[in-house]
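Sequence positions in the first sequence follow this note's numbering and run 36 to 537. Even glycine gets a Cβ: it sits at the ideal position worked out from N, Cα and C.
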Amino acid sequence: MTIRIYNSLGRTKEDFRPLDPNMVRMYVCGITAYDRCHIGHARSAVVFDVVVRHLRRQGYNVIFIRNFTDIDDKIILRAREEGVTTTKLAEREIRHFTEDMDALGVLPADVEPRATQHIPEIVSLIETLIASGHAYEASGSVYFSVRSFPAYGALSGRNIEELRSGARIAPGEEKRDPLDFALWKASKPGEPEWESPWGKGRPGWHIECSAMAMKYLGPTIDIHGGGLDLIFPHHENEKAQSEAATGRPFVRYWMHNGFVTIRGEKMSKSLGNFVTIREILSAHHPEAIRLFLLSKHYRSPLDYSEELLAESEAALERCYAALADAKKALSSCGERDRPLTDDLNEAASVVESIKERFDLAMADDFNTASAIGHLFEGVRALNRLSQSAVKAPSRRYHRPLTAGVAAIREIAGTLGILSQDPETFLRRKNLDAIARLGMDEAGILAAIERRASARAARDWTTADTVRSELERMGILLQDGPEGTTWTMKRQTQAETQGGQRP
RNA sequence: GGCGGCGUAGCCAAGUGGCCAAGGCGACGGUCUGCAAAACCGUUAUUCCCCGGUUCGAAUCCGGGCGCCGCCUCCA
Numbered sequence: 036m037t038i039r040i041y042n043s044l045g046r047t048k049e050d051f052r053p054l055d056p057n058m059v060r061m062y063v064c065g066i067t068a069y070d071r072c073h074i075g076h077a078r079s080a081v082v083f084d085v086v087v088r089h090l091r092r093q094g095y096n097v098i099f100i101r102n103f104t105d106i107d108d109k110i111i112l113r114a115r116e117e118g119v120t121t122t123k124l125a126e127r128e129i130r131h132f133t134e135d136m137d138a139l140g141v142l143p144a145d146v147e148p149r150a151t152q153h154i155p156e157i158v159s160l161i162e163t164l165i166a167s168g169h170a171y172e173a174s175g176s177v178y179f180s181v182r183s184f185p186a187y188g189a190l191s192g193r194n195i196e197e198l199r200s201g202a203r204i205a206p207g208e209e210k211r212d213p214l215d216f217a218l219w220k221a222s223k224p225g226e227p228e229w230e231s232p233w234g235k236g237r238p239g240w241h242i243e244c245s246a247m248a249m250k251y252l253g254p255t256i257d258i259h260g261g262g263l264d265l266i267f268p269h270h271e272n273e274k275a276q277s278e279a280a281t282g283r284p285f286v287r288y289w290m291h292n293g294f295v296t297i298r299g300e301k302m303s304k305s306l307g308n309f310v311t312i313r314e315i316l317s318a319h320h321p322e323a324i325r326l327f328l329l330s331k332h333y334r335s336p337l338d339y340s341e342e343l344l345a346e347s348e349a350a351l352e353r354c355y356a357a358l359a360d361a362k363k364a365l366s367s368c369g370e371r372d373r374p375l376t377d378d379l380n381e382a383a384s385v386v387e388s389i390k391e392r393f394d395l396a397m398a399d400d401f402n403t404a405s406a407i408g409h410l411f412e413g414v415r416a417l418n419r420l421s422q423s424a425v426k427a428p429s430r431r432y433h434r435p436l437t438a439g440v441a442a443i444r445e446i447a448g449t450l451g452i453l454s455q456d457p458e459t460f461l462r463r464k465n466l467d468a469i470a471r472l473g474m475d476e477a478g479i480l481a482a483i484e485r486r487a488s489a490r491a492a493r494d495w496t497t498a499d500t501v502r503s504e505l506e507r508m509g510i511l512l513q514d515g516p517e518g519t520t521w522t523m524k525r526q527t528q529a530e531t532q533g534g535q536r537p
């Protein structure tokens, strides 16, 4: 199936044809390691994680690189404020990031290179650019000459002359053109520094990505990803310096994810309206967070709110409940050969077709929102089969139930959800919830016992009193053929109002 | 100012020329149940911000409004 990708360069959807038919070279800009990551960083990571997972499931051999910027102005500034070295600060934040990613189920990249560990490659790339007249040295710094690269502005759709009129040269910079950008920055006293042919200094921000991408993936890579805000100047500059150095196209498909907003505004440090990944993880299941992040197409803005996260959580629970029910149904469908009704045959065919429809949605520029729609159609069809299988057992349920569970798990695997055992997930969720309320299960089980005796005696008043007492604490009872089970009441919108966060 | 995006049910969100406008959350009615819950079934947008136009036919294309947002400086 041909995948179509919206290419930021050209702003159209194009058929995806990697340089080598079965291999995908992919690079995504990671974080600058100076502070905790928020849900916006999580979105970028999860979106490209899903791209990698999907490409791999389609049979591509994906080489995936995600870098860490571990030296830059912000890191130097923050390290100074905290009185630690830039290395220590970066190490710490990289560790936090890695922990966040592990928690979110984001697969590690094949290589996670750091700028400071690639100084020789960076220096060598800069030397090439100087030799070919695309860069020049001035007082120990090296700048890229934008004028020397006529295609500059093509990626971001910017007009060079307009950019030039708005740009200015900062004090201490010796640029020949206001648009020129630093490849190498001469160090100021007290700053971290590395040896170079131009004296001690450190790499500029953009050059590290070119050097590392080309080191691990070669001069032309298939997919380069990052947040929308990286298009200009970061990716424009990366493209210019890489192509100036090699004379070959740097990236075949540029992908940019949209922002996470909060109350309609971009989440950012400067506005102070950000919510860290860690905060959200403390209140929500990681897979619910993934489902939320994937609920909208990756290029559109996604508005964050507690209510929407709670909705995703409810939707996720529904999926797990369906898998758990299907398992039970499977064990009770028996050997009797009873034909299925038309609508059940239809449910069976829905279940058998969701993989294909899911892949079709994903092939259209990774339309996860649409793909999730198909997933839920599968869930409903599976529920229908499970319910009938219990009511009117027949061995004819065996195949669609088994296929349905397998299909749902497989496509969910592309999204990085439904990876746990359903019973374990549901039980854990309940135990976690009562633990948060400071309760334990013994009390609940005792109450269920009391109610069971009352019910046996047909004392409905007592039975209902016990049940409503538990319900007031947020615990719902479910009477089934094998006795009574308990579960936590789902949070509704009304109940989450004025919830955990302002 | 330049460039770009968005406006679909109570909320979230697919769909970008033609089957009844996906799916999720919520709400309501039904099946089930002692009553419930869960699940299932049904209902919940004669209509896609507004006004014109093109077309046999438009949420989808064109023109004009209105509203919201982003980039143009570090930013996922």
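Asked: Any 3 or more C-beta pairs closer than 8 Å across the region 422–429 and the region 338–352; Found: no
Asked: Sheet register partners of Asn380 (DSSP bridge); Found: Asn380 is not bridged to any residue.
Asked: Straight-line gap, Arg507 to Leu328 (C-alpha atoms, nearest Å); Found: 32 Å
Asked: Where Met61 falls: helix, strand or coil (DSSP); Found: strand
Asked: Candidates Glu209, Ile256, Thr311, of which the one nearest Ser176 by Cα; Found: Glu209
Asked: Val86 (DSSP reduced to helix, strand or coil); Found: helix
Asked: Beta-carbon proximity list for Gly260, same chain, < 6 Å, skipping 5 on both sides; Found: Val63, Phe83, Met290
Asked: Contact belief for Thr104 with Glu243 at Cβ below 8 Å, rounded distance in angstroms; Found: 7 Å
Asked: Backbone secondary structure at Met247 - three-state DSSP; Found: helix
Asked: Pro238 - containing beta strand (DSSP E), residue span; Found: 236–238
Asked: Ala189 versus Thr497, Ile129, Ile297, Phe267, residue with shortest Cα-Cα distance; Found: Phe267
Asked: Given Ala442 as reference, the closest of Phe411, Asp264, Ala481, Arg334 once Cα atoms are compared; Found: Phe411
Asked: Integer Cβ distance of Asn418 from Asp360, believed to fall under 8 Å; Found: 7 Å
Asked: CA nearest to the CA of Thr403, picked from Asn380, Asp456, Leu326; Found: Leu326
Asked: Alpha helix (DSSP H) runs wholly inside the region 493–522, at least 4 long, in chain order; Found: 495–507
Asked: Span separating the alpha-carbon of Pro321 from that of Arg313; Found: 10 Å
Asked: For Asp145 and Ser330, the rounded distance between their alpha carbons; Found: 27 Å
Asked: CA-to-CA distance, Tyr251 to Met58, given in whole angstroms; Found: 14 Å
Asked: Limits of the alpha helix (DSSP H) - the one that Lys331 falls within; Found: Note, Lys331: premise wrong, no alpha helix (DSSP H); not H, not E.
Asked: Residue span of the alpha helix (DSSP H) that contains Glu128, given as start and end; Found: 121–139
Asked: Continuous alpha helix (DSSP H) assignments of at least 4 residues falling wholly in the region 338–407; Found: 341–366, 377–398
Asked: Inter-residue Cα distance where the pair is Leu198 and Val181; Found: 11 Å
Asked: Outcome for Leu480 when other beta-carbon atoms lying within 10 angstroms are tallied against a minimum of 16; Found: exposed
Asked: Proximity of Leu316 and Ala468 at Cβ, strictly below 8 Å; Found: no
Asked: Residue range of the unbroken alpha helix (DSSP H) whose run includes Asn465; Found: 457–471
Asked: Gly473 beta carbon less than 8 Å from that of Gly439; Found: no
Asked: Inter-residue spacing [alpha-carbon to alpha-carbon] between His269 and His241; Found: 6 Å
Asked: According to DSSP, residues forming a beta bridge with Asn102; Found: BP columns for Asn102 are empty, so no partner.
Asked: Inter-residue Cα distance where the pair is Met27 and Arg334; Found: The structure shown does not extend to residue 27, since the chain is modelled only from 36 to 537, so the question has no answer here.
Asked: Beta-carbon contacts of Ser222 that lie in its chain and below 7 Å, excluding the five residues immediately before and after; Found: Glu228, Lys235, Gly236, Arg237
Asked: Within 8 Å, strictly: CB atoms of Ala68 and Ile111; Found: no
Asked: Cβ shell of Ile161 (< 7 Å), same chain only, five flanking positions each side left out; Found: Ala170, Val177, Leu218, Trp219, Ile242
Asked: Whether Ile446 touches Lys362 by CB criterion (8 Å); Found: no
Asked: Backbone CA spacing between Gln93 and Asp475 [nearest angstrom]; Found: 45 Å
Asked: Cβ-Cβ distance between Leu358 and Leu453 below 8 Å; Found: yes
Asked: Chain-order list of residues whose beta-carbon lies under 8 Å from that of Asp212 (same chain, five-residue window excluded); Found: Ser180, Val181, Arg182, Arg199
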